Amino acid sequence: QKRREAMNKQPAGLREGITRGGKGLVSGFVSGITGIVTKPIKGAQKEGAAGFFKGVGKGLVGAVTRPTGGIIDMASSTFQGIKRATETSEVESLRPPRFFNEDGVIRPYRLRDGSGNQMLQNIQAYREWILTHSSSSEEEEEEEEET
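In terms of our numbering, the sequence shown has 28 at position 34, counting the first letter as 1, and numbering is strictly consecutive.
This is the structure we're talking about:
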């Protein structure tokens, strides 16, 4: 019942999916191994010697099927986490778009040019173009002289 409830709840992201998958894997192995001991004991308590041997059979079958189920749970939860992570995250630019002069020549990327053009476009809503700019500090002028 707990396993079914955990599997029905979608992971919030990749990390949660991997965590849940790991827990499912460990749980499958633990329950498979403990079943080898507990199933024969429970069988013997209910039905005596015949129940003991039934319990051994159930324990051995569980030792194979439960870890297999844990592996499947791990894969399923991990893939759900990957799916959720790719659905919810929006792609963000690492830098402002390249600035193109009115002559259309592609020049090496300069962060200042891209930032300035992006600010102007946001303010003016694409009604005007930047033609040129000048430095406002000595530090920027020194950088330009070096390049």
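Backbone N, C-alpha and C fix where the C-beta goes; we use that ideal spot for every residue, glycine too.
Being a predicted model, the structure only gives us computed values, none of them experimental.
Using beta-carbon positions only, say whether G56 and G18 come within less than 8 Å of one another. Locating residue 56 in the sequence shown gives position 62, where the first residue counts as 1. Locating residue 18 in the sequence shown gives position 24, where the first residue counts as 1. Contact flag unset, no.
What are the uninterrupted segments assigned as alpha helix (DSSP H) that are 4 or more residues long and contained completely in the region 95 to 120, given in chain order? Every unbroken stretch of the alpha helix (DSSP H) spanning 4 or more residues and falling wholly within the region 95 to 120 is given here in chain order: 105 to 118.
Would a C-beta distance cut-off of 8 Å place G26 and P61 closer than the cut-off? The residue you call residue 26 lines up with position 32 of the sequence shown. The residue you call residue 61 lines up with position 67 of the sequence shown. The beta carbons of G26 and P61 sit closer together than 8 Å.
As an exercise, report each continuous alpha helix (DSSP H) stretch of at least 4 residues that is fully enclosed by the region 43 to 80, in chain order. List check, alpha helix (DSSP H) in window: nothing returned.
Where does P5 fall in DSSP's three states? Here residue 5 refers to the residue found at position 11 when the sequence shown is read from its first residue. Of the three classes helix, strand and coil, the one that applies to P5 here is coil, per DSSP.
Restricting to Cα atoms, I'd like to know which of G75, K33, L114, L88 is closest to R14. Within the sequence shown, the letter at position 20 stands for residue 14. Its Cα nearest to that of R14, the residue G75 stands out among G75, K33, L114, L88.
Straight-line Cα distance separating V20 from T32: Residue mapping note: residue 32 aligns to position 38 of the sequence shown, counting from 1. Residue mapping note: residue 20 aligns to position 26 of the sequence shown, counting from 1. Roughly 18 Å between the two C-alpha positions.
Would you tell me roughly how many angstroms separate the C-alpha atoms of Q4 and E81, rounded to the nearest one? As a first step, residue 4 is located in the sequence shown; it is residue number 10 there, counting from the start. As a first step, residue 81 is located in the sequence shown; it is residue number 87 there, counting from the start. C-alpha separation (whole angstroms): 13 Å.
Whole-angstrom distance between F94 and F23, CA atom to CA atom: Along the sequence shown, one-based indexing puts residue 23 at 29. Along the sequence shown, one-based indexing puts residue 94 at 100. Take the alpha-carbon of F23 and the one of F94: they are about 60 Å apart.
Integer-rounded CB distance, given that L54 should sit under 8 Å from I30: Here residue 30 is taken as the residue at index 36 of the sequence shown, counted from 1. Here residue 54 is taken as the residue at index 60 of the sequence shown, counted from 1. The pair is a contact, with the Cβ atoms about 7 Å apart (cut-off 8 Å).
E86 in three-state terms, based on DSSP: To locate residue 86, count along the sequence shown from 1; it is residue 92. When secondary structure is reduced to three states using DSSP, E86 falls in the coil class, being assigned neither helix nor strand.
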